[in-house]
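Trainee: Residue numbers for the sequence shown follow our numbering, so the first one is 21 and each next one is one higher.
By construction, the Cβ of each residue, glycine as well, lies at the ideal position given by its N, Cα and C atoms.
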Amino acid sequence: MDLRDELQHAIDEAGVPARAIVIETAWDIGPVAAYLLPEAPVTLVDSGVDTPQGRAAISDTLASCGLRPEDVERVLVTHMHSDHFGGATWLQEVSGCEVLLHPADLAMVGAVNSKDAAREMLMPLGFDEEIFARFTEDEWTWRPPTFGAMGSRYGDLRVEHHPGHSPGHVWIVHERSGGIFVGDYLLANGPTNAGMEIDRTNRYGRAPLLQQYNAGLLELRESMAPVLLPAHGPPITDHVALIDKRLAKSNRRTRHVLDGLASGGPTTVLALGRKLWGSRVENNWEVLADLVGRLDLLVAEGNASAQMGEDGCWYFRANA
Ligand SMILES: [Zn+2]
21 MDLRDELQHA
31 IDEAGVPARA
41 IVIETAWDIG
51 PVAAYLLPEA
61 PVTLVDSGVD
71 TPQGRAAISD
81 TLASCGLRPE
91 DVERVLVTHM
101 HSDHFGGATW
111 LQEVSGCEVL
121 LHPADLAMVG
131 AVNSKDAARE
141 MLMPLGFDEE
151 IFARFTEDEW
161 TWRPPTFGAM
171 GSRYGDLRVE
181 HHPGHSPGHV
191 WIVHERSGGI
201 FVGDYLLANG
211 PTNAGMEIDR
221 TNRYGRAPLL
231 QQYNAGLLEL
241 RESMAPVLLP
251 AHGPPITDHV
261 ALIDKRLAKS
271 NRRTRHVLDG
281 LASGGPTTVL
291 ALGRKLWGSR
301 VENNWEVLAD
311 LVGRLDLLVA
321 EGNASAQMGE
331 DGCWYFRANA
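(1) Whose C-alpha, out of 218, 259, 36 and 49, is nearest the C-alpha of residue 55?
(2) Restricting to runs no shorter than 4 residues, where is the alpha helix (DSSP H) found entirely within the region 77 to 153?
(3) Quick one: give me the first and last residue of the alpha helix (DSSP H) that residue 266 is part of.
(4) Hey, quick one: how far does the beta strand (DSSP E) through residue 56 stretch, first residue to last?
(5) Whose CA, out of 253, 128, 177 and 50, lies closest to the CA of residue 95?
(6) Alpha carbon to alpha carbon, what distance is there between residue 324 and residue 86?
(7) Measuring CA to CA, which of 237, 256 and 229 is closest to residue 314?
(8) Leaving aside the five residues before and after residue 231 along the sequence, list all residues of the same chain whose C-beta is less than 6 angstroms from its C-beta, in chain order.
(9) Is any non-hydrogen atom of ligand 1 found closer than 6 angstroms to the C-beta of residue 101, if you look at the structure I gave you?
(10) Give me the DSSP bridge partner(s) of residue 167.
(11) Taking 7 angstroms as the CB-CB limit, is residue 297 close to chain B?
(12) What ranges does the alpha helix (DSSP H) occupy inside the region 172 to 243, keeping only unbroken runs of at least 4 residues that lie completely in it?
(13) My guess is that residue 98 and residue 69 are in contact by the Cβ rule of under 8 angstroms, so how many angstroms apart are they, rounded?
(14) Output the boundary residues of the beta strand (DSSP E) element that contains residue 309.
(15) Check each candidate in 224, 298 and 134 and name the one with the smallest Cα separation from residue 329.
(16) Using CA atoms only, rank isn't needed, just tell me which of 310, 218, 270 and 272 is closest to residue 289.
(17) Under DSSP, the alpha helix (DSSP H) around residue 297 begins and ends at which residues?
(18) On the DSSP letters alone, give me the boundaries of the alpha helix (DSSP H) that residue 251 sits inside.
(19) Would you be able to state if there are at least three C-beta pairs under 8 angstroms between the region 191 to 205 and the region 77 to 91?
(20) Assign residue 49 to one of three DSSP states: helix, strand, or coil.
(21) Tell me whether residue 38 sits in a helix, a strand or coil according to DSSP, three-state version.
(22) Do residue 66 and ligand 1 come close, with the Cβ less than 6 angstroms from some heavy atom?
(23) Can you find the residues in the same chain that come closer than 6 angstroms, C-beta to C-beta, to residue 253, ignoring five residues on each side of it along the sequence?
(24) Can you tell me whether residue 340 is helix, strand or coil according to DSSP?
(25) Is the region 68 to 83 in contact with the region 292 to 312, if contact means three or more CB pairs nearer than 8 angstroms?
(26) Have a look at residue 27 and residue 93 and give me their C-alpha separation to the nearest angstrom.
(27) How about residue 188 and residue 122: are their beta carbons less than 7 angstroms apart?
(28) Going by Cα to Cα distance, which pick from 149, 312, 164 and 199 is closest to residue 67?
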C-alpha cells in the first residue's frame, strides 16, 4: 500500500471526513501530506510545497470530490514551515481562500528572513561570522501566501495551540471522530525537532520550545484519539507507545548533554556541541537547535546555569 492509501485507510477507519493528499518534496524529510475536508466550507489542513506534482495532487483530490481549486475556502496551516503552506500561494491566487496561521507563528513570519533577528539569537551561542553565514544562507526566494490569524474553532474542527517545533504549532482536532491532524508534532518515522526561535520576552532570548514540546507530548499521550494524522509518514494509531519511546530517547539525549557539561568548565553552546558531536553542530540547524533546547531545559529544571560572558556569549555549566 502506498503512503496515500495507507493514510486514507486510517482516515476512513476512524471516520474522519477527509481525503489524504501526498506531495513529494526534494528534502530528506520525504513527502509531505495535506488533508482535504471537502464538506462546505471546503477546507485544507496544510497545502504541501508548490510543485507541478503538488498542484496536480491537490487538484485531483478536489476533483474526486467534485470540486475545483477555485472552490477552496480555507487553508489551516499547522505551523509556519514552508513545506506546509507552499501550495497555498497558488490556491489563494485561484480561489481567494483565507490561509490561516496561529498568531504565535504569524509573528515569526516576518522574522524568518530577518538577519538581525538571527544575529541576535545565534551570535551569543559562540558563533563567528563564517558560521553565521552558513546558517543564514537560504532565504525564501518565493512569495508566501497572505496569512490571516487562526481562531480556535471552524465547525467540527477545534484548533489547539501546542508550541514546540514552532511557537505557533497547532493540532487540529476533528471533534466528531476524535482524529487529530498533528502536523509535525509527532511523526512515526523519527523524532521531531523542537526548534529554536527568538523570544525577546525570555531572559535567554529564546522561546522555551523543548520544554513546551515535551509538555505537549504528555498531553497528547492522554488523548483517546483513534488516529493521529501527521504531515510526514504513516498514520499513527498507537500514539502512547510512540510518545513513550520519543520521551525516553529525549531524556537520554538531555542526560548526555548534562554529562558533557559536567565534565568541563563553563562553555558556550558551540564549544559544547563540538565536544559532543564534532563539526555537525556548526553545519546542521537541527543538531544546533536540539542542543540549545536541551541546555535551556537543563537550566529550567535547575540542573544547569547560564551566564552572559563579557564576550557577549552565553556560558553554560552544570550545577553541582
Ligand atoms: Zn515542520
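Mentor: The answer reads as follows:
(1) By 1-based counting over the sequence shown, the position of residue 55 is 35. Among 218, 259, 36 and 49, the Cα nearest to that of residue 55 belongs to 36.
(2) 108 to 115, 123 to 132 and 135 to 142
(3) Here the question's residue 266 lines up with position 246 in the sequence shown. 259 to 282 is the span of the alpha helix (DSSP H), which, as asked, contains residue 266.
(4) Locating residue 56 in the sequence shown gives position 36, where the first residue counts as 1. Unbroken beta strand (DSSP E) run through residue 56: 52 to 57.
(5) Counted from its first residue, the sequence shown places residue 95 at position 75. Closest option to residue 95, Cα to Cα, is 177.
(6) Against the sequence shown, residue 86 aligns to sequence position 66. Against the sequence shown, residue 324 aligns to sequence position 304. Taking the straight line joining both Cα atoms gives about 58 angstroms.
(7) For the purposes of this step, residue 314 is taken as residue 294 along the sequence shown, with counting starting at 1. Looking at the Cα atoms, 229 is the closest of the given residues.
(8) The residue you call residue 231 lines up with position 211 of the sequence shown. Counting only Cβ-Cβ distances below 6 angstroms, and skipping sequence neighbours, we find 317 and 320.
(9) One-based indexing of the sequence shown puts residue 101 at position 81. Yes, the beta carbon of residue 101 sits closer than 6 angstroms to at least one heavy atom of ligand 1.
(10) As a working note, residue 167 is residue 147 in the sequence shown. According to DSSP, which records beta bridges pairwise, residue 167 is partnered with 119.
(11) Chain labels in this structure do not include chain B; a single protein chain is all it has.
(12) 229 to 241
(13) As a working note, residue 98 is residue 78 in the sequence shown. As a working note, residue 69 is residue 49 in the sequence shown. Contact flag wrong, Cβ pair sits at about 14 angstroms.
(14) Taking the sequence shown and counting its residues from 1, one reaches residue 309 at position 289. Run containing residue 309: none in the beta strand (DSSP E); it sits in the alpha helix (DSSP H), 305 to 320.
(15) Locating residue 329 in the sequence shown gives position 309, counting from the first residue. With distances taken between Cα atoms, residue 329 lies closest to 224.
(16) Taking the first residue of the sequence shown as position 1, residue 289 is located at position 269. Out of 310, 218, 270 and 272, 310 has the C-alpha closest to the C-alpha of residue 289.
(17) Reading the sequence shown from its first residue, position 277 is the one you call residue 297. First-last of the alpha helix (DSSP H) with residue 297: 289 to 297.
(18) Reading the sequence shown from its first residue, position 231 is the one you call residue 251. Careful: residue 251 lies outside any alpha helix (DSSP H) and carries neither H nor E.
(19) no
(20) Reading the sequence shown from its first residue, position 29 is the one you call residue 49. DSSP places residue 49 in coil when its eight states are reduced to three.
(21) Residue numbering aside, residue 38 sits at position 18 when the sequence shown is read from its first letter. Residue 38 falls in the coil class under three-state DSSP.
(22) Locating residue 66 in the sequence shown gives position 46, where the first residue counts as 1. Answer for residue 66: no, Cβ out of range of ligand 1.
(23) Residue numbering aside, residue 253 sits at position 233 when the sequence shown is read from its first letter. Cβ within range, chain order: 207, 208 and 209.
(24) In the sequence shown, the residue the question calls residue 340 occupies position 320. Here residue 340 sits in coil by DSSP.
(25) no
(26) As a first step, residue 27 must be located in the sequence shown, where it is residue number 7. As a first step, residue 93 must be located in the sequence shown, where it is residue number 73. Roughly 23 angstroms between the two C-alpha positions.
(27) Mapped onto the sequence shown, residue 188 falls at position 168. Mapped onto the sequence shown, residue 122 falls at position 102. Closer than 7 angstroms, so yes.
(28) Residue 67 sits at position 47 when you count from the first residue of the sequence shown. Of the listed residues, the one whose Cα sits closest to residue 67 is 164.
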